[in-house]
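**Student:** The sequence shown begins at 8 in this note's numbering and counts up by one. First the structure, then my questions, so here it is.
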Amino acid sequence: MKESEFDYNEWKVGLALGRLVIEGKNPFVLKYYSANMNDETNLQNLIDQKKDLPSPILRVILKQLFEGLRLMHEMGLIHRDLKGENIMLHSPPGSGRVFLKIADFGLTKIQKNNQQSTLMTVAGTLPFMCPELLIETSDEQGSEDQVKADSKIDMWSAGILLHQLTAHTFPFKSTQLPSITSFMINKTLTRPAVLIDNQLWDLLRGLLAFNRKVRLSAVDALNHQYFTGQQAMTDILEESKLLAQQSQIVKQQGKQYVTLYDLNTSFIFPITEADKIINKNIEQFQLQIISCLYNHILQQFLRKK
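The structure is reproduced here in structure tokens:
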């Protein structure tokens, strides 16, 4: 790797997150990223199809995302560039399930104290950037090129993703800066006509709260009625229950790699459901990527010889 291509910040973040992944504490972040990973394995591909997701699938996608963010934020890590392209869909071979993997930590901010806001440069992808980064008042500013913010910036981005997944649009008229800032200044979030679930609408409003101090944290989101109410229990798929039972049997056999997320049905996203939505076999596609990557490495090795 060329020195110019090395990102020290991303390396530090990767080390911290890698330990959690190895210990099975956070399967919702990507430990390794390859440029060969095709865009069709990420959440943006699902968003682009503009399909109305079944309620159980939308719920498990969101729960995995918020849990990944919760664990990151507890470590004092703020992603700062959360968007569909940076959330991979990964299925461990033979697992029968899909994990969302938060990826691309090049802009990630490391907080010294995750209980306090911190000064940071304005960075990210414009349509996913929050009000405190774009129109913050002068008393919250740090310096000319820095603003005071916290992990709530990721939660705003998650709210934008939720709006895309449900309404198939952004909550503003266009993705140009004037339209986005006008939306933020007016502080009016219009309820999408397709969003008939009152709990889901309340969750969306909490994520897209214009005031970061009242915006939901990842912990708040996971404790929301949308995830803890009776409907959430009713929505759990039979296949998710079956996969959890299979994991329980494996755990009883003494296998150490079985985690809480393998046993908790509310986190289980069956690969059969993912294949239906994306119209492709994710597991087979990933094996093709691995094969291509292996061949690429082999060719590089043979050239050096």
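Glycine residues also receive a C-beta, built at the ideal position from the N, C-alpha and C atoms. For clarity, every value in this text was computed on a predicted model and none was experimentally measured.
Grab the span of the beta strand (DSSP E) containing Gln122 for me, first residue to last.
**Tutor:** Position 115 of the sequence shown, counted from the start, is the residue given in the question as residue 122. Premise fails: Gln122 is in no beta strand (DSSP E) and is neither H nor E.
**Student:** Return yes when the Cβ of Ile275 is within less than 8 Å of the Cβ of Glu239, no when it is not.
**Tutor:** In the sequence shown, the residue the question calls residue 239 occupies position 232. In the sequence shown, the residue the question calls residue 275 occupies position 268. Per the sequence presented here, residue 239 reads as Ala, with Glu not at that position. Taking 8 Å as the Cβ cut-off, Ala239 and Ile275 do not qualify as a contacting pair.
**Student:** Going by C-alpha to C-alpha distance, which of Tyr233, Gln232, Asn93 sits closest to Leu53?
**Tutor:** Walking along the sequence shown from the start, residue 53 turns up at place 46. Ranking Tyr233, Gln232, Asn93 by Cα distance to Leu53 puts Asn93 first.
**Student:** Classify Pro199 as helix, strand or coil using the three-state DSSP reduction.
**Tutor:** Residue numbering aside, residue 199 sits at position 192 when the sequence shown is read from its first letter. DSSP places Pro199 in coil when its eight states are reduced to three.
**Student:** Excluding the 5 residues preceding and the 5 following Gln255 in the sequence, name in chain order all residues of the same chain whose CB lies nearer than 7 Å to its CB.
**Tutor:** By 1-based counting over the sequence shown, the position of residue 255 is 248. So the qualifying residues of the chain are Leu270.
**Student:** Use the C-beta contact count for Ser164: other C-beta atoms within 10 angstroms, 16 or more gives buried, fewer gives exposed.
**Tutor:** Within the sequence shown, the letter at position 157 stands for residue 164. Ser164 comes out buried.
**Student:** Kindly indicate which residue of Gln123, Thr125, Ser124, Leu140 has the alpha-carbon position closest to the one of Gly131.
**Tutor:** Residue 131 sits at position 124 when you count from the first residue of the sequence shown. That would be Leu140, whose Cα lies nearest to the Cα of Gly131.
**Student:** Can you have a look at Ser273 and say buried or exposed, based on whether 16 or more other CB atoms are within 10 angstroms of its CB?
**Tutor:** Within the sequence shown, numbered from 1, the residue matching residue 273 stands at position 266. Buried.
**Student:** With a threshold of 16 other CB atoms inside 10 Å of the CB of Val221, please say whether the residue is buried or exposed.
**Tutor:** The count along the sequence shown starts at 1 and reaches residue 221 at position 214. Per the 10 Å Cβ criterion, exposed.
**Student:** Can you give me the start and stop residues for the alpha helix (DSSP H) that Ala251 sits inside?
**Tutor:** Counting from one through the sequence shown, the residue named residue 251 turns up at place 244. For Ala251, the uninterrupted alpha helix (DSSP H) run begins and ends at 245 to 259, by DSSP.
**Student:** What's the C-alpha gap between Phe135 and Asp88?
**Tutor:** The count along the sequence shown starts at 1 and reaches residue 135 at position 128. The count along the sequence shown starts at 1 and reaches residue 88 at position 81. About 8 Å.
**Student:** Counting only the same chain and skipping the five closest in sequence on each side, list residues whose C-beta sits under 7 Å from that of Tyr268.
**Tutor:** Here residue 268 refers to the residue found at position 261 when the sequence shown is read from its first residue. Cβ within range, chain order: Pro34, Phe274.
**Student:** So, helix, strand or coil for Leu168, using DSSP?
**Tutor:** By 1-based counting over the sequence shown, the position of residue 168 is 161. Of the three classes helix, strand and coil, the one that applies to Leu168 here is helix, per DSSP.
**Student:** Phe73 to Gln260, Cα distance in whole Å?
**Tutor:** Counting from 1 along the sequence shown, the entry for residue 73 is found at position 66. Counting from 1 along the sequence shown, the entry for residue 260 is found at position 253. One C-alpha to the other measures close to 31 Å.
**Student:** DSSP three-state call for Asp46: helix, strand or coil?
**Tutor:** Taking the sequence shown and counting its residues from 1, one reaches residue 46 at position 39. A caution first: Asp46 carries a pLDDT of 44, below 50, which makes its placement in the model unreliable, though a value can still be read off. Helix, per DSSP.
**Student:** Indicate the three-state DSSP secondary structure (helix, strand or coil) for Met82 in the structure shown.
**Tutor:** Counting from 1 along the sequence shown, the entry for residue 82 is found at position 75. Note: Met82 maps to coil in three-state DSSP.
**Student:** Relative to the C-alpha of Leu65, which candidate in Phe179, Leu207, Asn193, Gln56 has its C-alpha closest?
**Tutor:** Taking the sequence shown and counting its residues from 1, one reaches residue 65 at position 58. When only C-alpha atoms are compared, the closest one is Leu207.
**Student:** Counting only the same chain and skipping the five closest in sequence on each side, list residues whose C-beta sits under 6 Å from that of Asp46.
**Tutor:** Locating residue 46 in the sequence shown gives position 39, where the first residue counts as 1. With a pLDDT of 44 at Asp46, under the threshold of 50, the modelled position of that residue is not reliable, and the figure given next carries that caveat. So no residue of the chain qualifies.
**Student:** Leaving out the 5 sequence neighbours to the left and right, which residues in its chain are closer than 6 Å to Ser186 when beta-carbon positions are compared?
**Tutor:** For this step, residue 186 is matched to residue 179 along the sequence shown. Around Ser186: Phe179, Lys180.
**Student:** Tell me the residue span of the alpha helix (DSSP H) that contains Ile109.
**Tutor:** Residue numbering aside, residue 109 sits at position 102 when the sequence shown is read from its first letter. In this chain, Ile109 is not harboured by any alpha helix (DSSP H); it is covered by the beta strand (DSSP E) spanning 106 to 109.
**Student:** Would you mind reading off the limits of the alpha helix (DSSP H) that contains Lys283?
**Tutor:** Within the sequence shown, numbered from 1, the residue matching residue 283 stands at position 276. From DSSP, the alpha helix (DSSP H) with Lys283 extends over 278 to 285.
**Student:** Taking 8 Å as the cut-off, decide whether the C-beta atoms of Gln183 and Phe177 are in contact.
**Tutor:** Working through the sequence shown from its first residue, we reach residue 183 at position 176. Working through the sequence shown from its first residue, we reach residue 177 at position 170. Gln183 places its beta carbon 8 Å or farther from that of Phe177.
**Student:** Short of 7 Å in beta carbon distance, which residues of its chain neighbour Leu127, apart from the five on each side in sequence? Order them along the chain.
**Tutor:** Residue 127 sits at position 120 when you count from the first residue of the sequence shown. The amino acid at residue 127 is misidentified as Leu; the sequence shows Met. Lys116, Gln153, Val154, Ala156, listed in sequence order.
**Student:** Would you call the segment 103 to 118 and the segment 73 to 85 in contact, with 3 or more CB pairs under 8 Å?
**Tutor:** Enough Cβ pairs lie closer than 8 Å, so yes.
**Student:** Give me whichever residues DSSP pairs with Met127 in a beta bridge.
**Tutor:** Your numbering for residue 127 matches position 120 in the sequence shown. DSSP lists Val154 as partners of Met127.
**Student:** Quick one: what's Val36 bridged to in DSSP?
**Tutor:** The residue given as residue 36 occupies position 29 in the sequence shown. Answer is Ile109, bridged to Val36.
**Student:** Return the Cβ separation of Ala228 and Leu214 in integer angstroms, given the expectation that the two are a contact with Cβ distance under 8 Å.
**Tutor:** The residue labelled residue 228 in the question sits at position 221 within the sequence shown. The residue labelled residue 214 in the question sits at position 207 within the sequence shown. With 8 Å as the limit, Ala228 and Leu214 qualify as a contact, their Cβ atoms being about 7 Å apart.
**Student:** State the Cα-Cα distance for the pair Leu244 and Ser158, rounded to the nearest angstrom.
**Tutor:** Within the sequence shown, numbered from 1, the residue matching residue 244 stands at position 237. Within the sequence shown, numbered from 1, the residue matching residue 158 stands at position 151. One alpha carbon belongs to Leu244, the other to Ser158, and they sit about 32 Å apart.
**Student:** In three-state DSSP terms, what is Leu65?
**Tutor:** As a working note, residue 65 is residue 58 in the sequence shown. Leu65 falls in the helix class under three-state DSSP.
**Student:** Could you tell me whether the Cβ atoms of Lys108 and Val36 are closer together than 8 Å?
**Tutor:** Counted from its first residue, the sequence shown places residue 108 at position 101. Counted from its first residue, the sequence shown places residue 36 at position 29. Yes, they are a contact pair.
**Student:** Would you tell me roughly how many angstroms separate the C-alpha atoms of Ile29 and Asn193, rounded to the nearest one?
**Tutor:** Along the sequence shown, read from residue 1 onward, the residue named residue 29 stands at position 22. Along the sequence shown, read from residue 1 onward, the residue named residue 193 stands at position 186. The predicted model places Ile29 with a pLDDT of 47, which falls under 50 and marks its position as unreliable; any figure quoted below should be read in that light. So the two alpha carbons sit approximately 45 Å from each other.
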